[in-house]
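Notes follow the structure.
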Amino acid sequence: MRKTSTTIVLAGLAVLVAAVPLLAHHAFGAEFDRDAPIRLQGPVVRLEWVNPHAWIHIEITKEDGTTEVWMVEGGTPNTLLRRGLRRDCLAVGTEIIVDGYQTKDHSLTRANGRDVTFTDGTKIFLGSSGTGAPYEEELLRERAAQGRC
Amino acid sequence: MRSSASILTLALMAVAAGPLATQALGQATGWVMPRTADGRPDLQGNWTNATMTPIQRPEGVGLALPVDEVERREQGRWDRIQRGAEASDPDREAPPVGGDGSTGAAGGVGGYNNFWIDAGNQVAMYNGEYRSSLIVDPPDGRYPPRTEAARARIAERRAVRRQHGQYDNPENRPLAERCILSFGSNGGPPMLPNYFYNNNYTIVQTPDHIMIMTEMVHDVRIIRIGTPNPLPGEIEPYFGDSWGHWEGDTLVVETMNYHPTQIAQVGVFAGTSKDLKVTERFTRADENTINYEFTMEDPSTWTETWSGEVPFKRLPGQVYEYACHEGNYALFNVLSGARAQERRDNGR
Amino acid sequence: MSSHRTPLLTASGASLVALLVSALVPSAAEAQIPRGADGRPDLNGLWQALGNAHWDIEPHQARAALQLQEGPLTPVPAKAVLSFGAVGSVPAGLGVVVGGEIPYLPEARARRIENQALWSERDPEIKCYLPGVPRATYMPYPFQIFQSAQAFFIAYEYASAVRNVYMEDPGPPQVDSWMGQSVGHWEGDTFVVVANGFNDQTWFDRAGNHHSYQMVVTERYTMTSPYHIMYEATIEDELTFTRPWTIRMPLYKHVAENARLGQFKCVEFVEELMYGELRKRPIGSGDGR
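Protein chains in written order, with my numbering: chain A, 20 to 168; chain B, 3 to 350; chain C, 147 to 435.
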């Protein structure tokens with residue numbers, strides 16, 4: 020059964036959580052074109068662990084056999100660093116799958132990392148509650164055994 | 003399933019916490035207020051104000067939340083994190099043309115994976131009480147009404163903004179998108195959570211200064227301890243001009259001279275004037291908590307002062323560099339995207 | 147065997163006594179160095195470098211501009227900087243590099259020359275990018291040191307740059323940063339900071355002097371009076387230089403009664419430069435706005 024990957028759906032949270040202020044974070048809808056969906060699969064060729072957004076560069080091979088590098092937008096590396104991100108967590112050459120939408124400026128090969136996974140579908144990183152719950156510990160151990168973060 | 007024992011333990015430990023009860027708690031648990039060499043409570047370290055509790059209270063809810071309600075909400079957040087960790091279909095196709103239906107900041111394009119977010123996974127507990135809002139006064143936990151003068155200022159600022167499309171110029175974009183300030187009011191004052199991530203602060207304390215650095219955007223507030231020697235009116239820095247003094251074991255900080263752009267754009271300051279004054283009170287409540295109170299005062303904006311209480315918890319980790327402007331592809335993408343969209347719309 | 151009477155103190159004996167005496171009786175300036183409760187020199191305060199290191203850390207002649215083009219007889223300011231006139235001219239400097247010259251590898255020296263030729267496109271200071279280390283120290287803006295028993299934090303006025311100097315090493319940084327990761331310790335009365343984890347994006351000055359991501363900077367802050375810190379920074383970077391090299395300069399304390407760190411959040415000042423072409427109606431495009 021196909022699973023919908025979980026993405027941020029802020030309006031769907033419990034009532035207690037504050038609604039997103041309009042002038043708060045930049046709106047993804049301003050940057051990316053909802054009429055230009057993409058699915059990319061290929062090796063990571065460069066990682067930019069920068070703020071305000073990390074960018075994962077991925078090389079895809081087009082139908083005509085030529086290659087093209089796309090930049091995929093992620094979030095702030097700082098949250099991952101606090102969860103133990105290391106330089107070797109996502110090695111150059113690792114194949115990933117990205118689905119998302121291209122920037123409104125179609126002259127740029129850039130897209131949002133709506134869902135970024137390994138080729139087996141597992142997420143490239145894990146979120147965490149920061150509370151050290153048993154479920155989490157086990158999952159992190161499993162992933163560490165696979166050489167993942 | 004999260005253990006309810008951990009929540010109960012928290013509740014029991016925190017029952018006696020509070021400024022007046024600090025000493026009693028210390029005697030009960032053996033905690034002694036750490037002090038700097040000059041005898042003041044030590045506020046130093048890395049702290050976070052991340053929380054699920056919103057600034058403003060939903061209507062019809064009291065300040066204190068019962069434990070079972072807290073459990074339900076925290077479990078909901080936990081469930082969402084777990085769902086976010088589940089594997090996706092490796093054979094999935096591109097998302098649909100026309101958007102994926104996501105709302106809010108995800109903007110119809112699905113934003114990015116949940117693992118980038120660190121919005122706070124716990125309801126705020128303050129002096130042993132689970133809180134439904136950060137605002138405690140007015141008693142309904144909601145922003146007080148604004149004066150006519152304030153409403154006029156808001157309308158005027160809106161009119162100025164609307165002279166341009168929201169993507170016409172970089173100055174039309176939110177301060178956070180321009181990497182000038184964090185989103186929400188992280189730097190403040192008042193220093194409030196942004197409900198996304200990196201709600202972290204570093205405090206360094208000397209006898210005559212308190213330095214508070216906000217992770218986003220590596221902004222520094224320098225609070226001078228002593229008799230105020232305020233800035234001339236022409237100088238209005240972001241985060242204002244802050245002067246502090248100790249009242250017993252509480253650090254009291256008063257801030258004025260806010261930057262007009264900060265006032266015009268940051269939600270909690272909507273409608274305020276040059277006379278805005280914010281008072282903060284920092285009290286070390288226990289090993290891992292600073293009780294942070296703030297009071298907003300501007301007679302030309304609100305007919306009464308209003309206040310909030312925010313627990314600052316010790317951050318188990320480092321505060322990292324958030325060099326925002328240096329890596330700001332997003333602003334470029336937004337502006338170039340708007341221009342590209344216009345060209346498409348004009349048939350070019 | 148000499149029959150001379152032995153002097154009470156030989157020459158070397160005299161200097162030994164002088165040494166012991168000076169160790170016991172501090173000089174007038176040293177006696178006034180403020181110290182914290184832990185006995186360490188107290189570096190708290192507002193500091194700034196004087197001189198011209200921010201223009202060019204090597205010894206240099208005054209020149210017309212940071213970016214030059216060929217003129218009919220001598221080089222003249224490039225078009226990008228012409229309108230600044232003498233405000234944009236570079237004053238002479240004796241240099242702060244110990245030994246005078248930066249020991250570049252040949253390709254790195256060529257890159258420095260290229261950086262100067264393309265200064266207006268390449269200097270990160272122009273875009274209000276974080277200045278890196280050690281450039282942050284001698285930018286023409288003050289910085290404030292916050293020193294307590296457990297922390298050492300530097301807030302720079304320029305671009306609100308910050309450095310939290312860790313007193314315990316948290317381990318190697320896992321991402322590169324503009325201001326690096328700094329770890330400090332005391333060696334007697336000198337505060338020693340080792341900084342690494344830099345990206346390769348920052349310069350040492352406005353003269354195109356640069357480094358790689360492998361750079362490690364070791365700084366030494368030594369108070370020589372209540373109002374002076376002698377500052378040294380040693381640069382190690384095998385990808386760029388043939389050997390380690392050091393800069394040295396005094397830092398001066400601000401003493402005006404109302405002296406305080408200003409706020410120079412220059413990001414918004416460079417928006418026209420960086421995004422002006424992306425406005426809906428670029429200024430001067432003849433669209434009436």
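Don't be surprised by glycine CBs; every beta carbon is placed ideally from N, CA and C.
{"query": "Closer than 7 Å to chain C by CB, H247 of chain B", "result": "no"}
{"query": "C-alpha gap between G110 of chain B and A55 of chain A, whole angstroms", "result": "12 Å"}
{"query": "Selected residue, minimal CA-CA separation from E87 of chain A, among A:N70, A:P96, A:R106, A:L59", "result": "A:L59"}
{"query": "Rounded straight-line distance, which links the Cα of N198 of chain C to that of V233 of chain C", "result": "14 Å"}
{"query": "Proximity test, Cβ basis, 7 Å: D139 of chain A and chain B", "result": "yes"}
{"query": "Three-state secondary structure (DSSP) of T303 of chain B", "result": "coil"}
{"query": "Residue-chain proximity (V243 of chain C, chain A), Cβ-Cβ < 7 Å", "result": "no"}
{"query": "Contacting residues, own chain, Cβ-Cβ under 7 Å from R346 of chain B (five flanking each side not counted)", "result": "none"}
{"query": "Contacts that V280 of chain B makes with chain A (C-beta to C-beta distance below 9 Å)", "result": "What V280 of chain B touches in chain A: nothing, since even the nearest Cβ is about 18 Å away."}
{"query": "Residue burial classification, Y421 of chain C (beta-carbon count within 10 angstroms, cutoff 16)", "result": "buried"}
{"query": "Separation of R167 of chain A from N116 of chain B, as counted between CA atoms", "result": "17 Å"}
{"query": "Which residues DSSP lists as bridging S323 of chain C, in chain order", "result": "C:F344"}
{"query": "The segment 165-180 of chain B: positions lying closer than 8 Å to chain C by Cβ", "result": "H166, G167, Y169, D170, N171, P172, E173, R180"}
{"query": "As assigned by DSSP and simplified to three states, the class of N293 of chain B", "result": "strand"}
{"query": "T257 of chain B versus E299 of chain B: straight-line alpha-carbon distance, rounded", "result": "10 Å"}
{"query": "Chain C residues whose Cβ lies nearer than 9 Å to that of L109 of chain A", "result": "Simply none; closest approach about 12 Å."}
{"query": "Per DSSP, cross-strand counterpart(s) of A154 of chain B", "result": "Its beta-bridge partners do not exist; DSSP assigns none."}
{"query": "First and last residue of the uninterrupted beta strand (DSSP E) at T184 of chain A", "result": "In the structure displayed, chain A extends from 20 to 168; residue 184 of chain A sits before or after that span and is not available."}
{"query": "Per-residue contacts from R105 of chain A into chain C (C-beta, under 8 Å)", "result": "Q320"}
{"query": "Entirely enclosed beta strand (DSSP E) segments - the segment 146-212 of chain B, minimum 3 residues", "result": "202-207"}
{"query": "V69 of chain A versus A110 of chain A: straight-line alpha-carbon distance, rounded", "result": "16 Å"}
{"query": "Cβ-Cβ distance between I227 of chain B and M213 of chain B below 7 Å", "result": "no"}
{"query": "DSSP-derived helix/strand/coil call for T392 of chain C", "result": "strand"}
{"query": "Candidates B:C326, B:G339, B:G106, B:E73, of which the one nearest K426 of chain C by Cα", "result": "B:G339"}
{"query": "Coarse secondary structure for S422 of chain C, derived from DSSP in three states", "result": "Going by the sequence as given, residue 422 of chain C is Gly instead of Ser. Helix."}
{"query": "Chain C within 7 Å of T113 of chain A, Cβ atoms only", "result": "no"}
{"query": "Same chain only: Cβ atoms within 8 Å of P140 of chain B, ignoring 5 sequence neighbours per side", "result": "P146, E306, W308"}
{"query": "Chain B within 7 Å of W324 of chain C, Cβ atoms only", "result": "yes"}
{"query": "Counterpart residues of N131 of chain A in DSSP-defined beta bridges", "result": "A:E92"}
{"query": "Reduced DSSP category for S338 of chain B - H, G, I as helix; E, B as strand; rest coil", "result": "helix"}
{"query": "Stretch pair the segment 205-213 of chain C + the segment 223-241 of chain C: three plus CB contacts closer than 8 Å", "result": "yes"}
{"query": "Spatial distance of L159 of chain A from S328 of chain C (CA atoms)", "result": "30 Å"}
{"query": "Which of helix, strand or coil DSSP assigns to E234 of chain C", "result": "According to the sequence as given, residue 234 of chain C is Gly; it is not Glu. In this structure, G234 of chain C counts as helix in the three-state DSSP scheme."}
{"query": "Residues that DSSP places opposite Y377 of chain C in a beta bridge", "result": "C:Y367, C:M395"}
{"query": "Contact between the segment 258-276 of chain B and the segment 173-180 of chain B (3+ Cβ pairs under 8 Å)", "result": "yes"}
{"query": "Integer-rounded CB distance, given that F314 of chain B should sit under 8 Å from W49 of chain B", "result": "4 Å"}
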